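Count the sequence shown with our numbering and you get residues -11 to 157, in order. A virtual CB, placed ideally from N, CA and C, is assigned to each residue, including glycine. The structure displayed is predicted, hence computed values, not measured ones. Here is the structure we will look at.
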Amino acid sequence: MMIDETVLTSRPIAWQVAEEISVPEKIHDWLMELGSMTRRFEQYCQQVTVEPYQEKFITAAELNPGEADCLSVSQRYWLREVILYGDNIPWLLGRTLVPEETLVGDEQRLVDLGTIPLGKYLFSGNNLTRDYIHIGKQCDRWARRSLLRLSNKPLLLTELFLPESPAYK
């Protein structure tokens, strides 16, 4: 199955707070998941793998519309875009934006995750909080966007559920 990795950047998503959008109950549970999406996916397959397709620093001018409003002002942001697979089936596109100022101390490891799922890193300690979850839809695909804080330092995570994801089953 071919995946268009630009889907998170080429087509804007109209984000809404969960209470303002009608979502089927089954997918709503997935969209509002407060724990690790990686762990949740692991319940539906033998192996979850990550394929990074973009890992680099970008400027504020390169952010998608609305992303700058969610994050603290920074000269540069670490961008990581991945495809998350369950048993080699693409289930989710992920886009993580991290202000450069977040990348101090232990959080510097965020730039070296490679094929490690973000959730494995984020949920390995007790220093993670979530400010909110916004929900959106792009064509027939549901997405969510969360402002997370790691040791009280912000990062923005966008997750788009692909058609073969167990979230739709």
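Problem - Residues near Tyr109 in its chain [Cβ-Cβ closer than 8 Å; skip 5 each side] - result: A distance below 8 Å between beta-carbons, with the five flanking residues on each side excluded, links Tyr109 to the following residues of its chain, in chain order: Arg97, Leu98 and Leu101.
Exercise for the section: Leaving aside the five residues before and after Thr47 along the sequence, list all residues of the same chain whose C-beta is less than 8 Å from its C-beta, in chain order. Expected result: Correct list, in chain order: Gln63, Arg64 and Tyr65.
Exercise for the section: Would you mind reading off the limits of the alpha helix (DSSP H) that contains Lys14? Expected result: Judged by DSSP secondary structure, Lys14 falls within the alpha helix (DSSP H) whose first and last residues are Glu13 to Leu19.
Handout entry: Neighbour-count burial assignment, Arg118, 16 or more Cβ in a 10 Å radius
Key = exposed
Practice task
Use the C-beta contact count for Thr103: other C-beta atoms within 10 angstroms, 16 or more gives buried, fewer gives exposed.
Solution key: exposed
Handout entry: Per-residue burial, Leu85 [other beta carbons within 10 Å of its own, 16 or more giving buried]
Key = buried
Practice task
Could you name the residues that DSSP lists as bridge partners for Ala224?
Solution key: Since the first residue of the chain shown is -11 and the last is 157, residue 224 is not available in this structure.
Exercise for the section: Can you give me the start and stop residues for the alpha helix (DSSP H) that Lys157 sits inside? Expected result: No alpha helix (DSSP H) holds Lys157; DSSP gives it neither H nor E.
Practice task
Kindly confirm or deny that the stretch 24 to 35 and the stretch 115 to 131 touch, where touching means at least three C-beta pairs closer than 8 Å.
Solution key: For the pair of segments examined, the stretch 24 to 35 was found not to touch the stretch 115 to 131: the number of CB pairs separated by less than 8 Å stays below three.
Handout entry: Identity of the residue in Glu55, Val70 and Glu43 nearest Phe149 by Cα
Key = Val70
Practice task
Please name the residue or residues paired with Asn74 in a DSSP beta bridge.
Solution key: One detail in the question is off: residue 74 reads as Gly in this sequence, not Asn. DSSP output for Gly74 lists Val36 and Ile77 as bridge partner(s).
Problem - Start and end residues, alpha helix (DSSP H) containing Gly107 - result: Leu106 to Leu110
Practice task
Could you spell out where the alpha helix (DSSP H) holding Ala88 opens and where it closes?
Solution key: Residue identity differs from the one stated: residue 88 is Glu in this sequence, not Ala. Here Glu88 belongs to no alpha helix (DSSP H), and DSSP marks it neither H nor E.
Exercise for the section: Going by CA-CA distance only, name the one from Leu138, Gly82, Trp3 and Arg133 that's closest to Thr26. Expected result: Gly82
Practice task
Go ahead and pull the three-state DSSP assignment for Val99.
Solution key: Three-state DSSP puts Val99 in a helix.
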